[in-house]
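Student: Heads up: the sequence lines are chains A, B, C and D, in that order.
Using numbering that gives the first Met the number 0, read the first sequence as starting at 0 and increasing by one per residue.
Using numbering that gives the first Met the number 0, read the second sequence as starting at 0 and increasing by one per residue.
Using numbering that gives the first Met the number 0, read the third sequence as starting at 0 and increasing by one per residue.
Using numbering that gives the first Met the number 0, read the fourth sequence as starting at 0 and increasing by one per residue.
Even for Gly, the Cβ is constructed at its ideal location relative to N, Cα and C.
Note that the structure is a prediction, hence the values are computed from the model and not measured.
There's a structure below that I have some questions on.
Number of protein chains: 4
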Amino acid sequence: MDLVINDAEAFAAALKTQAKRHKHLVCLGRTHGIHAEPTTFGLKFAVWWDEMNRNLDRLRASRKRLSVGKLSGAVGTYSETTPELEAIAMKHLGLEPALVATQVLQRDLHAEALGVLAVLGGTLEKISIEIRHLQRTEVAEAAEPFATGQKGSSAMPHKRNPIVCERVTGLSRVLRSNAGVAFENQALWHERDISHSSTERIVLADSFVLADYMLAKMSWVIEGLQVNEDRIASNLASSRGLVHSAKILSALMKAGAPRNVAYKWVQSAAMKVLDQGGDFLPRLTEEPWPLEGEKCPLSGAQLAEHCDTKALLGMADVIFKRLGIESEHSR
Amino acid sequence: MDLVINDAEAFAAALKTQAKRHKHLVCLGRTHGIHAEPTTFGLKFAVWWDEMNRNLDRLRASRKRLSVGKLSGAVGTYSETTPELEAIAMKHLGLEPALVATQVLQRDLHAEALGVLAVLGGTLEKISIEIRHLQRTEVAEAAEPFATGQKGSSAMPHKRNPIVCERVTGLSRVLRSNAGVAFENQALWHERDISHSSTERIVLADSFVLADYMLAKMSWVIEGLQVNEDRIASNLASSRGLVHSAKILSALMKAGAPRNVAYKWVQSAAMKVLDQGGDFLPRLTEEPWPLEGEKCPLSGAQLAEHCDTKALLGMADVIFKRLGIESEHSR
Amino acid sequence: MDLVINDAEAFAAALKTQAKRHKHLVCLGRTHGIHAEPTTFGLKFAVWWDEMNRNLDRLRASRKRLSVGKLSGAVGTYSETTPELEAIAMKHLGLEPALVATQVLQRDLHAEALGVLAVLGGTLEKISIEIRHLQRTEVAEAAEPFATGQKGSSAMPHKRNPIVCERVTGLSRVLRSNAGVAFENQALWHERDISHSSTERIVLADSFVLADYMLAKMSWVIEGLQVNEDRIASNLASSRGLVHSAKILSALMKAGAPRNVAYKWVQSAAMKVLDQGGDFLPRLTEEPWPLEGEKCPLSGAQLAEHCDTKALLGMADVIFKRLGIESEHSR
Amino acid sequence: MDLVINDAEAFAAALKTQAKRHKHLVCLGRTHGIHAEPTTFGLKFAVWWDEMNRNLDRLRASRKRLSVGKLSGAVGTYSETTPELEAIAMKHLGLEPALVATQVLQRDLHAEALGVLAVLGGTLEKISIEIRHLQRTEVAEAAEPFATGQKGSSAMPHKRNPIVCERVTGLSRVLRSNAGVAFENQALWHERDISHSSTERIVLADSFVLADYMLAKMSWVIEGLQVNEDRIASNLASSRGLVHSAKILSALMKAGAPRNVAYKWVQSAAMKVLDQGGDFLPRLTEEPWPLEGEKCPLSGAQLAEHCDTKALLGMADVIFKRLGIESEHSR
């Protein structure tokens, strides 16, 4: 457990470093796999860092509860031993005596631990899948480190596959299925049966070793992550301003336009961009206002303001401050 | 969550009451389903109460982390809203604003919650199975409450089945499988995909409702548990003293007898009890000491001392004191 | 897979032998852990043998579907190879060429296999739990083999614990959780991603090895099972005839008695047995018929007929014949 | 079950239609999310259709085994009924009598059924994820149907989200977790306990209804799938011939070139494409052969032959013929 906690701390530190480094690197946000509004690359890491802090809290709470032992005899009644002897033995082991026990410690302790590792695995899976997505040929915004001399493919020399992230994605499945075994292990008969024992030799060992391995690998991935700023910029540019449609809509409403009117106007200009090309802002300024005798309540310059990313960078600062991530790096 | 926590507290209180009531009710301990050393009936409840306290700690920690919300826009950047507006909205909802988010709250929060409910389910499963065991016709030491006018079986009028405990045993399986869904829900794509949503309508609702139902039912079972003290005593007596063999062995060693000699002597007397009947203590006093020219280092009276339960009752007091269960009831 | 199938066949054969051996050994049936109607010890094995036949059908169907391979290039299009070359290679491996593939075989094949092993594990768990129940000190109708020189407990020399059955109970949990990993492995991206690979090194190997081990151990348990006929008889006798109450009720109704009248009469006699002791049949014959001016439509001799086990033995013959278990052994 | 089988047949038919329609539509193959060799769009559907046929075989085998019932009394011994009566009742229900039973049918039958639905769910998850990938803004090769008047996003009018596929992705998690419950339900005590019953009201109902719903939704998706042939072509073109590198390498080796020499030559030309732009074939013809005094064993025209897709289309024909998909549609 200590090893896992140490590695989790190192991994969180790597995430924080990348969060600070890329705090102001504007990139596409994507929901449902579809371009949404812009965000910053650093905010991705900030979300993960915050989540890793929660994982660390869970790991530490589980570790504390698990740090108990017992030497209280065949059914927990100290029939041939004493609480005093138990206290001495536990002190040697760096454990607290369990307040009460049967022949064994109750298995809610182990179930909690493997449940916490399963949640940690879900976090690592999410991060590994994000990097696999960003490394797709069509996206190419980031890539896991590629060791010198590594072959992407024995047959296809141009390939670089995110195999470490794929491996971590897979192993998270093992962590969560092992938690299922630990949940089942709780219901021992009477003062204990030994059905849990055979399984714990498999799932306890595997889950802790795998969690440690996954954290180490993902630290390597995050620390050495190749970030392609040119591609991030060109992908963002490929939306030709459409990613700001929601913000424009919102600004129009604040400026007094009825929602349905503003929506119709924005949608019409957006459809022209999609069908006929061109950029969103010029299309907007050319677009006639749907209401006869009225005109768009915002000027071209005002509209342009809502298409830049100044506000976004300011919000990134606010969020980072709230998180307590001090940023010596900025752009 | 609050409802589950309230019910968990009520259930823990019911366990504590029974623990105190039966603190000094000596009964058989069983390991592997086989008679082991004696314990007290109250200690069973004490083990469960202690475990429920851990479950409560987990529930409260999860509740605290879950008590957040977000109103920060389509990708979490406050593009059309502000942290101030979010703070107001969250205050109305009794939540804290999430420090950082994407389109949604990160799903480690929900995974933790269902993981904690799965561990709680494992605790309830263990207790329900213990009562099913104790209610077996051959054991008959306890039984879940039997409502007046209830029919045990439409065909067999003498039957009383532990159907509530069986139901709880089954439902714990649903709690742990739902946790598996929540673990899988963590790995959303980019700034969110909506794959988690359909499943959460099923598993979040079901898990909380089921946990609540199971706690309520098990509180009813524990509060109204029928404890058959005569049967507990006669089951204990059925071992004819053999359950003290380990304690005798241990006492002989403390008195200076070599382990292999003492083991041989105790085993020989025990086998005569099993093969020819009679009680263990008289058999022991008749049994010749294996070492020529020596005799048993303990007198019959001293042996008898290790076959009574005075020490056990004292140990129950020690354990209860350590747990902080004050006992106004004693026997 | 072949090894598992061979071991499953051997295990089924062991079950069949015990079914035949104990076809006419009358024992208590238990539902909800409570004494129900009598059955025969051989019928327990017959149920398991029938279930193992279904498991064998599933294993063979999965094996057949899994016996394919592919050598069709990086995305399954034979860009650098040919179907003819693939056919030659597969023939050498004793496999059929997959009809179509991507870079890899589709993982529904492996998911099915681990799903089938999980169901097999559930069968072995059920059998192992039954034996653990029958070996309980209070039941003692059967016990797993006890190797000469084996110590039941280092501290308590009289103990014999069903540790092999407990181990099999536990390992079934690993089989079913591994199936969950295999189900998740199905959804590979595009023409393949490699996330399944790391997990398959764990779960495929573990599940097949464990299934094989569990089958071998349970064959040893079933072949050497210690059956305590005296205890089976005395446990049955302990019900003092009450287990026949449903059959008596049914016979009375066939003889023309209204259900509510017959139920009341049977219940009243049964309660006297439970409260005051004595056997059920004499209590019945002494019990006044509830309807004034009428009497029980069945004589004492006729009632007695419904309390013997002749009909049960005949039914066991009918069921065994239907199953196709020829019985050279009979009692 | 019948409903699920009918819907699965309809879904397989929809896949077959799309397979035939797009048999010769050349598109990028992708492994690890990275561009690999070309394949055809129809082959994707052919892989799924073949897998659905296996799912249908599994569903039908499970259905056949499940089509049994029992009316053999409280412990399966026909104590108050007869096999003849059971046969009549089962005939009315369209079921076969179970060959042997306890109080209930054995739960391996239900475990198999939910296991088979979990595998089916894995297939549907894979297909739904493929479509979500193809619908990504950066890929845009296909999209799930978009009902007229549907809003992609209330805030962002240009969005079309694959929400049906996302929903199916999520629900597959519920199918596999429910299978875990069914595996646990197998190990009932003695002649039955009722722990399975409460869970079956949840998981049996949910799994069958969900499988049916998912099949219906995915049939709608596949039948109305929007395929963007222009984008498929332009994505393919974006590789500028590099996707043929493996085939060229293989052809050179067949023509006598040592592997390491050929690999070096191909890689060098590929790297120039990646670094300096241009197309792969011209770069190859300009690339000096690494061995002094020798030259590339293949002429430019021969190299070009390995960069076209004639052979691929022929292979698609071969595979479709092997699968037994007759193709009235071709391009």
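Do residue 70 of chain C and residue 180 of chain C count as a contact pair if the criterion is CB distance below 9 Å?
Tutor: Position 181 of the third sequence, counted from the first residue, corresponds to residue 180 of chain C. Position 71 of the third sequence, counted from the first residue, corresponds to residue 70 of chain C. It is not a contact, given that the beta carbons lie outside the stated cut-off.
Student: In the segment 205-232 of chain D, which residues sit with their C-beta less than 8 Å from some C-beta in chain B, listed in chain order?
Tutor: The residues in question are 205.
Student: Assuming residue 349 of chain B and residue 171 of chain B make a contact with CB atoms under 8 Å, what is their CB distance in whole Å?
Tutor: In the structure as shown, chain B starts at 0 and stops at 330, and residue 349 of chain B therefore has no counterpart that could be examined.
Student: Just to confirm the assignment: which complete alpha helix (DSSP H) runs, minimum length 4, are found wholly within the segment 246-279 of chain C?
Tutor: Qualifying alpha helix (DSSP H) stretches, in chain order: 258-275.
Student: Considering only C-alpha positions, which residue in the set B:302, B:273, B:304, B:264 is nearest to residue 293 of chain B?
Tutor: Your numbering for residue 293 of chain B matches position 294 in the second sequence. Of the listed residues, the one whose Cα sits closest to residue 293 of chain B is B:264.
Student: Given a threshold of 16 other Cβ atoms within 10 Å of its Cβ, counted over all protein chains shown, does residue 200 of chain D qualify as buried or as exposed?
Tutor: Here residue 200 of chain D refers to the residue found at position 201 of the fourth sequence. Exposed is the call here.
Student: Going by the DSSP bridge assignment, what does residue 46 of chain B pair with across the sheet?
Tutor: In the second sequence, counting from the first residue as 1, residue 46 of chain B sits at position 47. Paired residue(s): none; residue 46 of chain B is not in a bridge.
Student: Excluding the 5 residues flanking residue 9 of chain B on each side, which residues of the same chain have their C-beta closer than 7 Å to its C-beta?
Tutor: Counting from 1 along the second sequence, the entry for residue 9 of chain B is found at position 10. The answer, listed in chain order, is 218.
Student: Beta-carbon separation of residue 68 of chain C and residue 80 of chain C under 9 Å?
Tutor: For the purposes of this step, residue 68 of chain C is identified with residue 69 of the third sequence, where counting begins at 1. For the purposes of this step, residue 80 of chain C is identified with residue 81 of the third sequence, where counting begins at 1. No, these two residues do not count as a Cβ contact at 9 Å.
Student: So, does the CB of residue 107 of chain B fall closer than 9 Å to a CB anywhere in chain D?
Tutor: Taking the second sequence and counting its residues from 1, one reaches residue 107 of chain B at position 108. Cβ-Cβ to chain D under 9 Å: no for residue 107 of chain B.
Student: For the segment 172-195 of chain A, list every residue whose C-beta sits within 8 Å of some C-beta in chain D, in sequence order.
Tutor: Hits within the stretch, in order: 179, 183.
Student: Mind checking if residue 54 of chain A is an interface residue toward chain B, Cβ cutoff 9 Å exclusive?
Tutor: Mapped onto the first sequence, residue 54 of chain A falls at position 55. Answer yes: the Cβ-Cβ gap between residue 54 of chain A and chain B drops below 9 Å somewhere.
Student: Are any of the Cβ atoms in chain A nearer than 9 Å to that of residue 162 of chain B?
Tutor: Locating residue 162 of chain B in the second sequence gives position 163, where the first residue counts as 1. Not an interface residue.
Student: Determine which residues of the segment 71-91 of chain C have a Cβ less than 8 Å from any Cβ of chain D, and write them out in chain order.
Tutor: From the segment 71-91 of chain C, only 72, 73, 74, 75, 76, 77, 78, 79, 82 have a Cβ closer than 8 Å to chain D.
Student: At a CB-CB cut-off below 7 Å, which residues of chain B make contact with residue 136 of chain C?
Tutor: Numbered from 1 along the third sequence, position 137 holds the residue referred to as residue 136 of chain C. Within 7 Å Cβ-Cβ: 33, 34.
Student: Using a Cβ cut-off of 8 Å, pull out every chain D residue sitting near residue 64 of chain A, in sequence order please.
Tutor: As a first step, residue 64 of chain A is located in the first sequence; it is residue number 65 there, counting from the start. Correct list: empty, because the minimum Cβ distance to chain D is about 26 Å.
Student: For residue 275 of chain C, count the other beta carbons within 10 Å of its own beta carbon; 16 or more makes it buried, fewer makes it exposed. Which is it?
Tutor: The residue given as residue 275 of chain C occupies position 276 in the third sequence. With fewer than 16 other Cβ atoms within 10 Å, it is exposed.
Student: Check whether the segment 277-288 of chain C and the segment 232-249 of chain C touch, using three or more Cβ-Cβ pairs below 8 Å as the test.
Tutor: Yes, since at least three Cβ pairs between the segment 277-288 of chain C and the segment 232-249 of chain C fall closer than 8 Å, the two stretches touch.
Student: Quick check on residue 67 of chain D: does DSSP put it in helix, strand or coil?
Tutor: Within the fourth sequence, numbered from 1, the residue matching residue 67 of chain D stands at position 68. Strand at residue 67 of chain D.
Student: How big is the Cα-Cα spacing for residue 298 of chain B and residue 269 of chain B?
Tutor: As a working mapping, residue 298 of chain B is identified with position 299 in the second sequence. As a working mapping, residue 269 of chain B is identified with position 270 in the second sequence. The alpha-carbon atoms of residue 298 of chain B and residue 269 of chain B are separated by roughly 18 Å.
Student: Give the residues of chain A in contact with residue 28 of chain B, contact being defined as C-beta atoms less than 9 Å apart.
Tutor: The sequence position of residue 28 of chain B within the second sequence is 29, counting from 1. Per Cβ cutoff of 9 Å: 73, 74, 75, 76, 101, 102, 189, 190.
Student: Can you tell which of C:51, C:34, C:41, C:15 has the C-alpha that lies nearest to the C-alpha of residue 4 of chain C?
Tutor: In the third sequence, counting from the first residue as 1, residue 4 of chain C sits at position 5. Comparing Cα positions, the closest option is C:51.
Student: Kindly list the residues whose CB is nearer than 7 Å to the CB of residue 315 of chain C, restricted to its own chain and excluding five residues on each side of it in sequence; keep chain order.
Tutor: On the third sequence, position 316 is the one that residue 315 of chain C refers to. Result list for residue 315 of chain C: 22, 23, 39, 41, 42, in chain order.
Student: So residue 25 of chain B is in the beta strand (DSSP E); what residue range does that whole segment cover?
Tutor: By 1-based counting over the second sequence, the position of residue 25 of chain B is 26. Element bounds for residue 25 of chain B: 25-30.
Student: For chain C, is any of its Cβ atoms less than 9 Å away from the one on residue 1 of chain A?
Tutor: Here residue 1 of chain A refers to the residue found at position 2 when the first sequence is read from its first residue. For residue 1 of chain A, the answer is no, since every Cβ of chain C falls outside 9 Å of its Cβ.
Student: Are any of the Cβ atoms in chain D nearer than 9 Å to that of residue 158 of chain A?
Tutor: On the first sequence, position 159 is the one that residue 158 of chain A refers to. For residue 158 of chain A, the answer is yes, since a Cβ of chain D falls inside 9 Å of its Cβ.
Student: Answer yes or no: do residue 49 of chain B and residue 74 of chain A have a C-beta to C-beta separation smaller than 9 Å?
Tutor: On the second sequence, position 50 is the one that residue 49 of chain B refers to. On the first sequence, position 75 is the one that residue 74 of chain A refers to. No, the Cβ-Cβ distance between residue 49 of chain B and residue 74 of chain A is not below 9 Å.
Student: Just the chain A side, please: which residues come within less than 9 Å of residue 200 of chain D by C-beta, in chain order?
Tutor: By one-based count along the fourth sequence, residue 200 of chain D stands at place 201. By Cβ distance, chain A contributes nothing, its closest Cβ being about 21 Å from residue 200 of chain D, past 9 Å.
Student: Does the beta carbon of residue 98 of chain D come closer than 9 Å to any beta carbon on chain C?
Tutor: In the fourth sequence, counting from the first residue as 1, residue 98 of chain D sits at position 99. By this cut-off, residue 98 of chain D is an interface position.
Student: Have a look at residue 13 of chain D and residue 130 of chain C and give me their C-alpha separation to the nearest angstrom.
Tutor: In the fourth sequence, residue 13 of chain D corresponds to position 14, counting from 1. In the third sequence, residue 130 of chain C corresponds to position 131, counting from 1. Whole-angstrom Cα-Cα distance: 50 Å.
Student: Write down the C-beta distance between residue 109 of chain C and residue 214 of chain C rounded to the nearest angstrom, noting that I regard them as a contact closer than 8 Å.
Tutor: For the purposes of this step, residue 109 of chain C is taken as the residue at position 110 of the third sequence. For the purposes of this step, residue 214 of chain C is taken as the residue at position 215 of the third sequence. Between residue 214 of chain C and residue 109 of chain C the Cβ distance is about 20 Å, and since that is not below 8 Å, they are no contact.
Student: Counting C-beta neighbours from all protein chains within 10 Å, is the total for residue 177 of chain D 16 or more, i.e. buried, or is it exposed?
Tutor: Against the fourth sequence, residue 177 of chain D aligns to sequence position 178. Classification of residue 177 of chain D: buried, given that the 10 Å Cβ count is 16 or more.
Student: For residue 329 of chain D, which residues in the same chain have their Cβ closer than 8 Å to its Cβ, ignoring the five residues on either side in sequence?
Tutor: By one-based count along the fourth sequence, residue 329 of chain D stands at place 330. In this predicted model, residue 329 of chain D has a pLDDT of only 46, less than 50, meaning its place in the structure is not dependable; the value taken from the coordinates is given anyway. 22, 23, listed in sequence order.
Student: Can you look up residue 329 of chain A in the DSSP assignment and give me helix, strand or coil?
Tutor: Residue mapping note: residue 329 of chain A aligns to position 330 of the first sequence, counting from 1. Bear in mind that the predicted position of residue 329 of chain A carries a pLDDT of just 46, short of 50, making it too unreliable to give a figure here.
Student: Residue 267 of chain C CB to nearest chain A CB: under 9 Å?
Tutor: Counted from its first residue, the third sequence places residue 267 of chain C at position 268. With 9 Å as the cut-off, residue 267 of chain C does not count as an interface residue toward chain A.
Student: Identify whether residue 198 of chain D lies in helix, strand or coil by the three-state DSSP scheme.
Tutor: Locating residue 198 of chain D in the fourth sequence gives position 199, counting from the first residue. DSSP places residue 198 of chain D in helix when its eight states are reduced to three.
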